[in-house]
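Chemist: First the structure, then my questions, so here it is.
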Amino acid sequence: MNQRNLTLLTDFYELTMMQGYFKQKDANKTVVFDVFYRNNPFGNGFAICAGLEQVIEYINNLHFDQEDVDYLRSTGMFQEDFLDYLLHFKFSGDIYAIPEGTVVFPREPLVKVIAPIMEAQLVETALLNIINHQSLIATKTYRIVHAAQGDGVMEFGLRRAQGPDAGIYGARAAMIAGCIGTSNVLTGQMFDVPVKGTHAHSWIMSFPDELTAFRTYAHLYPSACILLVDTYDTLNSGVPHAIQVFKEMRKEGIPLTFYGIRLDSGDLAYLSKQAKQMLDEAGFSDAVISASNDLDEELINSLKLQGAAINSWGVGTNLITAKDCPSFGGVYKLAAVKDEATEKFIPKIKLSENAEKITNPGNKTIQRIYSRENGKIIADLICLADEKFDESNSLLLFDPIQTWKKTHLAPKSYTMRELLVPIFKKGTCIYSSPKVMDIQAYCKKELTTLWEESRRLVNPHKVHVDLSNELWQIKKALLDSYKNS
């Protein structure tokens with residue numbers, strides 16, 4: 001698929017600010033911007049970050065075509081020297097990011113941009129658009145997959161997505177977070193992920209009768225024979241006809257490798273249990289019973305509690321649109337400005353009457369702290385990028401808001417891993433994105449590092465994100481300086 005030029009996928013004020021910086025003497029001052037979010041979506045205990053591969057594609061293809069410049073000229077807002085600069089524009093900065101599929105928490109940088117301020121300002125909107133969307137859908141998918149308790153979940157949302165891109169990249173994010181396949185064929189082609197599907201009610205209705213429709217489908221796809229049984233009468237027609245076809249296949253010596261029924265309407269708990277009994281009595285106890293019909297994690301969880309005999313789930317609208325929480329809420333904030341004389345970063349802070357909107361200053365990274373005993377996450381520590389830690393020493397963790405809440409970790413009782421990895425250096429990509437199914441495998445391992453209490457869907461245990469003492473002191477000094485000014 002040809003790469004698109006998404007350079008103008010930006011808010012207009014990014015360009016007006018760029019021109020403003022261009023006209024200033026310090027137009028090329030280097031700055032640090034952080035992408036982070038403030039609250040976990042859906043009331044979840046964490047999020048799953050996704051979208052980095054598309055960020056890389058966007059940055060690699062970042063340039064202004066002549067037609068882009070001509071369009072900007074037509075707005076009457078930009079001067080010729082700035083427009084000429086845009087014709088020769090190329091991103092020259094550094095980008096660090098948390099790898100896709102990693103579990104992440106509020107307030108920690110998912111992406112860090114270190115670049116001349118004009119360049120860093122330009123990329124804000126697209127980075128947020130890409131990271132916000134895919135991280136949202138990945139997190140929603142996790143919840144649905146978790147509710148399914150090991151059953152396969154298929155992503156069926158393309159026709160309900162908010163446009164082609166949302167369908168394509170939403171399906172990609174869903175695969176990262178654990179779906180076993182997608183109905184979206186273009187996503188399958190683009191990202192080499194499994195595509196799955198059965199047939200619609202229209203297939204049944206196009207034949208003289210249901211039995212003929214089932215027989216025809218079974219002979220076409222004997223190794224993937226899932227029959228939709230609710231077109232006319234699920235228990236009195238659909239399931240009996242499916243059983244009849246399965247018997248015929250067995251009699252003809254056709255292996256029943258992957259076969260079963262799909263329910264798309266009605267009381268799924270009742271119908272699945274009745275269908276299961278009928279299939280078992282006919283000798284088809286290993287038949288798949290798949291369900292669709294506006295499912296989400298709450299309905300799947302409820303069906304599980306009711307003892308529904310469903311072991312495969314097709315989820316569309318509520319997954320691909322993240323219906324109950326349609327926005328991830330990621331933001332992009334200035335954190336530091338480089339002093340060209342000293343080559344040191346001067347921390348910057350955004351204040352707010354709302355404490356959670358006060359930003360963390362400085363050029364930062366994240367150290368994830370694990371229990372050496374069981375490999376579970378103890379906390380994340382946001383610290384300055386050049387801070388060093390020794391696992392043979394004790395470590396003090398404290399809440400950056402309620403500082404009296406402290407935890408001392410004994411020497412050698414914990415291990416640390418830096419989450420941010422270099423993606424671009426001086427405008428050149430130095431990172432190779434894994435394949436989507438490899439990211440999915442990594443994501444599954446990431447989820448095992450969470451305590452089960454943090455994975456529950458309702459009222460999950462909070463994983464703490466703390467500040468290092470050095471970073472906290474800088475933040476406190478900045479707050480005090482503004483308070484006294």
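Numbering-wise, our numbering puts 229 at position 229 of the sequence shown, and it's gapless, one number per residue.
Where a beta carbon is used, it is the ideal one built from N, C-alpha and C, also for glycine.
Count the CB pairs spanning the stretch 308 to 319 and the stretch 289 to 296 that are closer than 8 Å, and state whether there are at least three.
Modeler: Short answer: they touch.
Chemist: Quick one: Cα of Met-1 to Cα of Glu-53, how far?
Modeler: Residue placement at Met-1 cannot be trusted, given a pLDDT of 46 that sits under 50; what the coordinates show is reported in the next sentence. Going from the Cα of Met-1 to the Cα of Glu-53 covers about 14 Å.
Chemist: Buried or exposed for Phe-12, please, with buried defined as at least 16 other CB atoms from any protein chain shown within 10 angstroms of its CB.
Modeler: Exposed: under 16 other Cβ atoms inside 10 Å.
Chemist: In the structure shown, what three-state DSSP assignment does Met-77 receive?
Modeler: Looking at Met-77 - three-state DSSP - the assignment turns out to be coil, as it is neither helix nor strand.
Chemist: So is Thr-448 buried or exposed if we call it buried at 16+ other beta carbons inside 10 Å?
Modeler: Counting Cβ neighbours within 10 Å, Thr-448 comes out exposed, since fewer than 16 surround it.
Chemist: Can at least three beta-carbon pairs, one atom from the stretch 146 to 165 and one from the stretch 112 to 124, be found at a separation below 8 Å?
Modeler: The stretch 146 to 165, when compared against the stretch 112 to 124, does not touch it at the 8 Å Cβ threshold.
Chemist: When the Cα atoms are used, what is the spatial distance from Val-465 to Thr-198?
Modeler: Looking at the two C-alpha atoms, the distance is approximately 44 Å.
Chemist: Can you give me the C-alpha to C-alpha distance between Gln-24 and Thr-16, rounded to a whole angstrom?
Modeler: Answer to the nearest angstrom: the Cα atoms are 13 Å apart.
Chemist: How is the beta strand (DSSP E) around Gly-314 delimited, first residue to last?
Modeler: Element bounds for Gly-314: 312 to 315.
Chemist: What residue does the alpha helix (DSSP H) around Val-145 start on, and which one ends it?
Modeler: Start and end: 124 to 147.
Chemist: Taking C-beta to C-beta, are Ile-180 and Met-154 nearer than 8 Å?
Modeler: Taking 8 Å as the Cβ cut-off, Ile-180 and Met-154 qualify as a contacting pair.
Chemist: Between which two residues does the beta strand (DSSP E) holding Ser-290 run?
Modeler: First-last of the beta strand (DSSP E) with Ser-290: 288 to 291.
Chemist: Check for me: the beta strand (DSSP E) holding Thr-403 runs from which residue to which?
Modeler: First-last for Thr-403: undefined, no H or E at that position.
Chemist: So for Ile-358, helix, strand or coil by DSSP?
Modeler: Three-state DSSP puts Ile-358 in coil, outside helix and strand.
Chemist: Could you check where the beta strand (DSSP E) with His-464 kicks off and where it finishes?
Modeler: Start and end: 464 to 467.
Chemist: Please report how far the alpha carbon of Cys-225 lies from the alpha carbon of Ala-218, in whole angstroms.
Modeler: The alpha-carbon atoms of Cys-225 and Ala-218 are separated by roughly 6 Å.
Chemist: Less than 8 Å between C-beta atoms, sequence neighbours within five positions excluded: which residues of the same chain meet that for Gly-307?
Modeler: Ala-269, Lys-273, listed in sequence order.
Chemist: Here's the rule I'm using: 16 or more other beta-carbon atoms within 10 Å means buried, otherwise exposed. How should Arg-107 be labelled?
Modeler: By the 10 Å Cβ count, Arg-107 comes out buried.
Chemist: Beta-carbon within less than 8 Å of Lys-90's beta-carbon, same chain only, minus the 5 sequence neighbours each way: which residues are those?
Modeler: Taken in chain order, the residues that qualify are Leu-62, His-63, Gly-427.
Chemist: Go through the stretch 364 to 444 residue by residue and report every complete run of the beta strand (DSSP E) that reaches 3 residues or more, in order.
Modeler: 364 to 371, 377 to 384, 395 to 398, 406 to 409, 414 to 418, 421 to 425, all fully within the stretch 364 to 444.
Chemist: In terms of alpha-carbon separation, which member of Arg-368, Val-239, Leu-381, Ile-168 lies closest to Met-278?
Modeler: For the residues Arg-368, Val-239, Leu-381, Ile-168, the minimum Cα distance to Met-278 belongs to Val-239.
Chemist: Can you tell me whether DSSP reads Thr-231 as helix, strand or coil?
Modeler: Looking at Thr-231 - three-state DSSP - the assignment turns out to be coil, as it is neither helix nor strand.
Chemist: Please state if the CB of Ile-378 and the CB of Ile-366 are separated by a distance shorter than 8 Å.
Modeler: No, these two residues do not count as a Cβ contact at 8 Å.
Chemist: Does the stretch 328 to 339 come close enough to the stretch 352 to 364 to have 3 or more Cβ pairs within less than 8 Å?
Modeler: Yes, since at least three Cβ pairs between the stretch 328 to 339 and the stretch 352 to 364 fall closer than 8 Å, the two stretches touch.
Chemist: Confirm, please, whether the CB-CB distance from Ser-433 to Pro-411 is below 8 Å.
Modeler: Not in contact: Pro-411 and Ser-433 (Cβ atoms no closer than 8 Å).
Chemist: Report the residue from Thr-10, Thr-182, Glu-446 whose alpha carbon sits nearest the alpha carbon of Leu-127.
Modeler: Closest option to Leu-127, Cα to Cα, is Thr-10.
Chemist: In whole angstroms, give me the CA-to-CA distance for Thr-141 and Ala-322.
Modeler: Cα to Cα, the separation comes out at about 9 Å.
Chemist: Between Arg-372 and the rest of its own chain, which residues show a CB-CB distance below 7 Å, the 5 nearest in sequence each way excluded?
Modeler: Here the set comprises Lys-412, Ser-413, Tyr-414, Thr-415.
Chemist: By DSSP, does Pro-255 sit in helix, in strand, or in coil?
Modeler: Reduced to three states, the DSSP call for Pro-255 is coil.
Chemist: Among Ala-242, Ile-98, Ala-177, Gly-163, whose alpha-carbon lies nearest the alpha-carbon of His-136?
Modeler: Checking the displayed sequence, the identity of residue 136 turns out to be Leu instead of His. The candidate whose alpha carbon is nearest that of Leu-136 is Ala-177.
Chemist: Pop quiz: Phe-46 and Leu-450 are said to be a contact at Cβ under 8 Å. What is the actual Cβ separation, rounded to whole angstroms?
Modeler: About 7 Å; that satisfies the 8 Å criterion.
Chemist: Within the stretch 23 to 52, note down every full alpha helix (DSSP H) run reaching 4 residues or more, in order along the chain.
Modeler: Segments of the alpha helix (DSSP H) lying fully in the stretch 23 to 52: there are none.
Chemist: With burial defined as no fewer than 16 other Cβ atoms inside 10 Å of the residue's Cβ, what is the status of Met-18: buried or exposed?
Modeler: Buried is the call here.
Chemist: In angstroms, rounded to a whole number, what distance separates the CA positions of Pro-422 and Phe-36?
Modeler: Between Pro-422 and Phe-36, the C-alpha separation is close to 17 Å.
Chemist: If you count every other CB in all the chains shown that lies within 10 Å of the CB of Thr-30, and 16 or more means buried, which is it?
Modeler: Its Cβ being crowded by 16 or more others within 10 Å, Thr-30 is buried.
Chemist: Return the chain-ordered list of same chain residues with a C-beta closer than 6 Å to the C-beta of Arg-215, the five sequence neighbours on each side being excluded.
Modeler: Hits under 6 Å: Val-245.
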